[in-house]
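Protein chains in written order, with the numbering used here: chain A, -6 to 93; chain B, 754 to 1224.
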């Protein structure tokens, strides 16, 4: 499995990770090693496995109801915000250059 | 009254016979931590005030005869990826260094309701990714049997705390071997229940289709008591099921068929592991167990399957750690830069490696080759185990290929570290229950792994308890 440093850079961007050049070089080698190892799976004949067999079964679905959480939990969630304005979560603007 | 190396069951008896109080027992553990944990670093946080208050409540119940059950007044430790409301839960990561849990995990809630005392939170590899606890952002835990060696991982803090008697018992989590391998390295019992037996609500997720919470204890009997308290259906975790245990009862090892897979007992383990585990098996045979050589085709592919499926799930599960709603945020110029720098500074090398790997395997053009193929091989592995369990009651393998290795020995070689899981991952890939039992050795601890059929957890614990008495 061959990886260029450019591939690793693009992958890091998809994964929302800023990597140093040293990290990019290290991961370039690590990922190639690991993918070579897991590549052995391609040799296995899986023709006996039907698509339905691959599906996860889930037996415990519940109705997704909105619930009012207890005051303490509500406050703890707000307390955990990295930045807030009053009781509101503060986040950076989605658009880099908002219209004037 | 000596508290030395109390088991859960002996401590429960002591509390009832009033040879000790819960406050005395709790105070004893804090004193031991003060003495030992500076060297070991098994705990990340200790909850002195809260634990002593819980102990006083347990003592009050004890004195007016309203005790709840065996767990009432028992001091435990929780791996720090299990949430406990109002206390810090870091998952061993810088990105959650100051994160205070907003609610209790279901297991925490159940333990509280049973009257247990939580002494503190134990160290782990970041987000439970690792086999040595060296990936913790807060420093490695040491093995109580040899301070130059790792305790195993990722539940290394829990394993070291139990082995050094810094708590009665602990909870860990196991995605590829993270309860059993550290149990093996530290010489304690580690039990991973069947997938679907224990709710993971409030467990910080690593790979959701594989994660399972379980007990780490001094005896199988203790593991059973803890397991009984935490297992069962929970509406907050849709994978938990109410399935009756497969009943097959034994009154001793007599007649128990133990499968010995030829794939596991070939090359690949050190001499000390081979000597200790083979001796354990022959002791089981002397006690009446029947050893049956079995074939487990495809199971030696489990590690490769694991290193595709797990990183895919990691990349999805860890996408929530982006500095927005909780955790560490680096405020940068744009939203994208904020995401990328928060994650870059908040996450460690192993977490990044797995996120990258998962992102790659799930990307367009590679999904079929990696993820789908791994899912198909997973089906073949499940079938192989199912076929084997038509003939045997349990399957025996070593828990880990070696005894505890030196700190720093494998930390720069991810593939060597991954191979630590070679005997344990198959169990997670197939959703089975398995337990690591300490074998008799002259030097460092060695674990024997017994694997049960899916949802035959109680039968596995029965057999493990008989085996514990003879190995």
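We put the CB at the ideal spot given by N, CA and C, even for glycine. It should be emphasised that the depicted structure is a prediction, and the values quoted were computed from it without experimental measurement.
Test item: CB-CB of residue i and residue j under 8 angstroms
i	j	result
residue 918 (chain B)	residue 967 (chain B)	no
residue 903 (chain B)	residue 942 (chain B)	no
residue 875 (chain B)	residue 796 (chain B)	yes
residue 1206 (chain B)	residue 1190 (chain B)	no
residue 1079 (chain B)	residue 85 (chain A)	no
residue 960 (chain B)	residue 1067 (chain B)	yes
residue 1026 (chain B)	residue 1150 (chain B)	no
residue 956 (chain B)	residue 811 (chain B)	no
residue 740 (chain B)	residue 969 (chain B)	The requested residue 740 (chain B) is not part of the displayed model; chain B covers only 754 to 1224.
residue 907 (chain B)	residue 883 (chain B)	yes
residue 716 (chain B)	residue 867 (chain B)	A question about residue 716 (chain B) goes unanswered here, because the residues of chain B that appear run from 754 up to 1224.
residue 1054 (chain B)	residue 1010 (chain B)	no
residue 864 (chain B)	residue 823 (chain B)	no
residue 1012 (chain B)	residue 1047 (chain B)	yes
residue 1197 (chain B)	residue 887 (chain B)	no
residue 1153 (chain B)	residue 934 (chain B)	yes
residue 880 (chain B)	residue 1056 (chain B)	no
residue 7 (chain A)	residue 780 (chain B)	no
Proximal chain B residues relative to residue i, where beta-carbon distance stays under 8 angstroms
i	result
residue -5 (chain A)	What residue -5 (chain A) touches in chain B: nothing, since even the nearest Cβ is about 13 angstroms away.
residue 45 (chain A)	Going along chain B, no residue has its Cβ under 8 angstroms from residue 45 (chain A), so there is no contact; the nearest lies around 10 angstroms.
Neighbouring residues, chain A, relative to residue i (Cβ below 9 angstroms)
i	result
residue 1096 (chain B)	8, 9, 10, 11
residue 1105 (chain B)	5, 8, 10, 12, 16, 20
residue 948 (chain B)	Correct list: empty, because the minimum Cβ distance to chain A is about 11 angstroms.
Burial state of residue i, where buried means 16 or more other Cβ atoms lie within 10 Å
i	result
residue 88 (chain A)	exposed
residue 755 (chain B)	exposed
residue 1121 (chain B)	exposed
residue 1019 (chain B)	exposed
residue 67 (chain A)	exposed
residue 16 (chain A)	buried
residue 952 (chain B)	buried
residue 788 (chain B)	exposed
residue 62 (chain A)	exposed
residue 971 (chain B)	buried
residue 1180 (chain B)	buried
residue 54 (chain A)	exposed
residue 818 (chain B)	exposed
residue 895 (chain B)	buried
residue 851 (chain B)	exposed
residue 1145 (chain B)	buried
Interface partners of residue i on chain B, CB under 9 angstroms
i	result
residue 55 (chain A)	988, 989, 991
residue 33 (chain A)	1054, 1057
Listed by chain order, chain B residues near residue i by CB distance under 7 angstroms
i	result
residue 73 (chain A)	852, 853, 855, 1079
residue 82 (chain A)	1078
residue 87 (chain A)	1088
residue 42 (chain A)	1129, 1132, 1133
For residue i, the first and last residue of its enclosing alpha helix (DSSP H)
i	result
residue 1133 (chain B)	1126 to 1141
residue 980 (chain B)	973 to 983
residue 68 (chain A)	64 to 72
residue 1191 (chain B)	No alpha helix (DSSP H) holds residue 1191 (chain B); the beta strand (DSSP E) holding it covers 1187 to 1191.
residue 779 (chain B)	775 to 793
residue 20 (chain A)	14 to 31
residue 1167 (chain B)	1167 to 1171
residue 827 (chain B)	No alpha helix (DSSP H) contains residue 827 (chain B), which DSSP labels as neither H nor E.
residue 1227 (chain B)	Chain B is shown only over 754 to 1224; residue 1227 (chain B) falls outside these bounds and no answer can be derived.
residue 1112 (chain B)	1102 to 1114
residue 1154 (chain B)	Premise fails: residue 1154 (chain B) is in no alpha helix (DSSP H) and is neither H nor E.
residue 1092 (chain B)	1088 to 1099
residue 910 (chain B)	909 to 916
residue 768 (chain B)	761 to 769
residue 812 (chain B)	801 to 816
Residues that residue i contacts on chain A, provided the C-beta gap is smaller than 8 angstroms
i	result
residue 1167 (chain B)	23, 26, 27
residue 1082 (chain B)	75, 76
residue 1092 (chain B)	9
residue 1060 (chain B)	27, 30, 31
Element boundaries [beta strand (DSSP E), containing residue i]
i	result
residue 967 (chain B)	965 to 970
residue 1203 (chain B)	1200 to 1204
residue 926 (chain B)	922 to 927
residue 875 (chain B)	870 to 875
residue 1010 (chain B)	1010 to 1014
Beta-carbon neighbours of residue i, restricted to chain D and to distances below 8 angstroms
i	result
residue 1108 (chain B)	Absence of chain D from the displayed structure is noted, the protein chains being A and B.
Contacts that residue i makes with chain A (C-beta to C-beta distance below 7 angstroms)
i	result
residue 843 (chain B)	What residue 843 (chain B) touches in chain A: nothing, since even the nearest Cβ is about 13 angstroms away.
Practice problem: Give, in chain order, every residue of the region 1110 to 1133 of chain B whose Cβ lies closer than 9 angstroms to some Cβ of chain A. | Solution: 1110, 1111, 1112, 1113, 1114, 1116, 1122, 1123, 1125, 1126, 1127, 1128, 1129, 1130, 1131, 1132, 1133
Practice problem: Pull out every residue of the region 1062 to 1080 of chain B whose Cβ sits closer than 8 angstroms to any Cβ of chain A, in chain order. | Solution: 1068, 1072, 1075, 1076, 1077, 1078, 1079, 1080
Quiz item: For the region 1020 to 1037 of chain B, which residues have a beta carbon sitting closer than 7 angstroms to at least one beta carbon of chain A?
Solution: none
Quiz item: Between the region 889 to 923 of chain B and chain A, which residues of the former have CB atoms less than 7 angstroms from a CB of the latter, in chain order?
Solution: none
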